[in-house]
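Before any comments, here is the structure.
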Amino acid sequence: MSVAPATTVHLDDRFARELPEMAVAWRAEEAPHPQLLLLNEALAAELGLDAGWLRNPEGIGLLTGTVVPDDAHPVAQAYAGHQFGGYSPRLGDGRALLLGELTDAEGRVRDLHLKGSGRTPFARGSADGLAAVGPMLREYVISEAMQALGIPTTRSLAVVATGRPVRRETVLPGAVLARVAASHLRVGSFQYARATGDVDLLRRLADHAIARHHEAAAGADNPYLALFESVVAAQARLVAQWMLVGFVHGVMNTDNTTISGETIDYGPCAFLDGFDPATVYSSIDSGGRYAYGNQPVVVQWNLARLAEALLPLIDDDQERAIAAAVEVLGGFATTYDTVWSAGMRAKLGLPEGLDDEVATALVQDLLALVQAGRVDLTSFLRSLGTAARGDAEPARLVVTDLAALDAWLERWRAVGPDADLMDRTNPVYTPRNHLVEEALTAATAGDLGPVQRLLEVLTRPFDERPGLQRYAEPAPGGSGPYVTFCGT
Ligand code: AMP
Ligand code: MG
0 MSVAPATTVH LDDRFARELP EMAVAWRAEE APHPQLLLLN EALAAELGLD AGWLRNPEGI
60 GLLTGTVVPD DAHPVAQAYA GHQFGGYSPR LGDGRALLLG ELTDAEGRVR DLHLKGSGRT
120 PFARGSADGL AAVGPMLREY VISEAMQALG IPTTRSLAVV ATGRPVRRET VLPGAVLARV
180 AASHLRVGSF QYARATGDVD LLRRLADHAI ARHHEAAAGA DNPYLALFES VVAAQARLVA
240 QWMLVGFVHG VMNTDNTTIS GETIDYGPCA FLDGFDPATV YSSIDSGGRY AYGNQPVVVQ
300 WNLARLAEAL LPLIDDDQER AIAAAVEVLG GFATTYDTVW SAGMRAKLGL PEGLDDEVAT
360 ALVQDLLALV QAGRVDLTSF LRSLGTAARG DAEPARLVVT DLAALDAWLE RWRAVGPDAD
420 LMDRTNPVYT PRNHLVEEAL TAATAGDLGP VQRLLEVLTR PFDERPGLQR YAEPAPGGSG
480 PYVTFCGT
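The sequence shown begins at 0 in numbering that gives the first Met the number 0 and counts up by one.
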């Protein structure tokens, strides 16, 4: 196996070069006793990194930011953001670093980024700049599960335990997550650039975003309005996909809303058990701002903040700029509805060409049924695949109102649902909260077995396998009030 020295890993510094006002050169804190907990070998291969080398001290040095190539320029990125509606002009990477950009096997530019690598100049107050093993493994597991579900997301390359204790409610083992993303540009990056009052910086940021993610915008009559339109569409598609699998992000602040359209920052996120739009998991979201059913509205609010930041680039005349941006933002609903409706039709196996009204009524009536009974949507939809093949008993086990279900099943069967399409569309395995908690608790105590098994299950979510029944089921005894904590 080839053992490449760190100097042969080429990390570009395009962000830092093009946007120096938004990049502070910084180094990771030493890791006293680094221990590789998880390594994503498939992702390493995609990135042209040798997994064997990454397991060596030098590779682990790269994964913790303590040994970087000579020509690399790690930076902490500046950004602003609305957190739960309140504006913070200076957030930034308080405990993270952009090591640099890699070009993957397909020629795509990908950020290599660390989380939990120590305090930076953006760390506020007593924030320690660190992360604990549990939350970093949580991000690894859920982001890789999202990837396997076909939902745009940042990826997880590795989690390395640092050997440094981290003080939270208790003292926990510390870790660094090596994260890979199309980029780390956020709505908050644009808010930051706009707030400096430097329109040239704002323009360079927008040009950088166009070049990296929305190339078609470059050729438009108004490239910056086209950039906004492209971000609106990417976020509409993303949130529609979250809604289809019951994903609750939990902390959809503008600094956690990407320009690429990837899901980012898996803090207090969770998947729905019983279907209820008002579901909130995060302990700090007492107002329900980021409840499951509120996500499409909230992302539009975040996109309106992006529009405000872009106004000076859209038109010299502010009134005209606002009018244009408002019109573009109006397109969110169309994209969202199209993606969500197509997704729901596939989930119910509805045949192509089925009358719109019939399809819509089937979808709406099913959701009403599911919501009334707080049914676990994941297992219910999967059981409908079995019903499409003639056996409705599994579906009848999860729903309480059997008369309503039977009436619905009869209408649905009459349109000839496609069971194979349903099996390709409805996952058997999602990161169920009780399984994630169980695996993280074991890992924090030193046993990585459950996390590794969970990952194996979640990375093939549509492929039902014998012996994995407990991964397909809701928490035994029903879903208690599950709470996730932001103190990650
Ligand atoms: P997040 O909620 O993870 O999206 O982070 C929001 C902001 O808080 C970002 O600016 C982070 O860098 C910062 N932050 C979160 N945790 C820490 C920590 N332990 N030390 C320093 N900064 C942090
Ligand atoms: Mg964040």
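Quick reminder that beta carbons are idealized off the backbone N, C-alpha and C, glycines included. On a predicted model such as this, the values are computed, not experimentally measured, just so you know.
- When the beta-carbon positions are compared, A77 and A130 stay at least 7 Å from each other.
- For E228, the enclosing alpha helix (DSSP H) has its first and last residue at 222–244.
- Beta-bridge annotation (DSSP): F331 is not paired with any residue.
- For F121, the secondary structure class from DSSP, reduced to helix, strand or coil, is coil.
- The closest CA to that of D92, considering only Y86, R118, T443, F83, is found on R118.
- In this structure, the beta-carbon distance from A306 to F189 does not fall below 7 Å.
- Nearest to L447 by alpha-carbon distance, out of W407, G329, V159, is V159.
- Not one heavy atom of the ligand AMP sits closer than 6 Å to the Cβ of A131.
- In the structure shown, A181 falls within a coil segment according to DSSP collapsed to helix, strand and coil.
- At least one heavy atom of the ligand AMP sits closer than 6 Å to the Cβ of G128.
- Nearest C-alpha to T359 among R459, P449, R373, R344: R344.
- The ligand MG approaches N255 closely enough that one of its heavy atoms is under 6 Å from the residue's Cβ.
- W52 is positioned such that its CB atom lies no closer than 7 Å to that of G60.
- When DSSP states are grouped into helix, strand and coil, T377 belongs to the helix group.
- At least one heavy atom of the ligand AMP lies closer than 6 Å to the C-beta of D264.
- It is roughly 7 Å from the alpha-carbon of R203 to the alpha-carbon of E17.
- Taking 7 Å as the cut-off, the Cβ atoms of L101 and S116 do not count as close.
- Across the structure, V140 and E318 are spaced so that their CA atoms are roughly 46 Å apart.
- For H32, the number of other beta carbons within 10 angstroms of its own is below 16, and it is reported as exposed.
- The way I'd put it, the region 355–372 doesn't touch the region 261–271; fewer than three beta-carbon pairs between them come closer than 8 Å.
- Relative to the ligand AMP, the beta carbon of D92 is positioned inside 6 Å of a heavy atom.
- Going by C-alpha positions, L46 is about 16 Å away from A71.
- Separation of N255 and A205 (C-alpha to C-alpha, rounded to the nearest whole angstrom) is 18 Å.
- For T359, the enclosing alpha helix (DSSP H) stretches over residues 355–371.
- Three or more beta-carbon pairs separated by less than 8 Å are not found between the region 211–225 and the region 144–163, which leaves the two stretches without contact.
- Relative to the ligand AMP, even the nearest heavy atom lies 6 Å or more away from the CB of A22.
- Rounded to whole angstroms, W407 and L349 show a C-alpha spacing of 14 Å.
- Assignment of beta-bridge partners to Q82 by DSSP yields G85.
- Looking at the DSSP output, Q34 shares a beta bridge with A160.
- Boundaries of the alpha helix (DSSP H) around D206: 198–212.
- Collapsing the DSSP output to three states places V297 in a helix.
- Contact between the region 240–257 and the region 327–334 is absent, with fewer than three C-beta pairs closer than 8 Å.
- Collapsing the DSSP output to three states places S142 in a helix.
- Between T440 and G249, the beta carbon gap of about 20 Å keeps them out of contact (Cβ cut-off 8 Å).
- For T262, DSSP records a beta bridge to T152.
- With a cutoff of 7 Å on beta-carbon distance, P416 and A391 are scored as not near each other.
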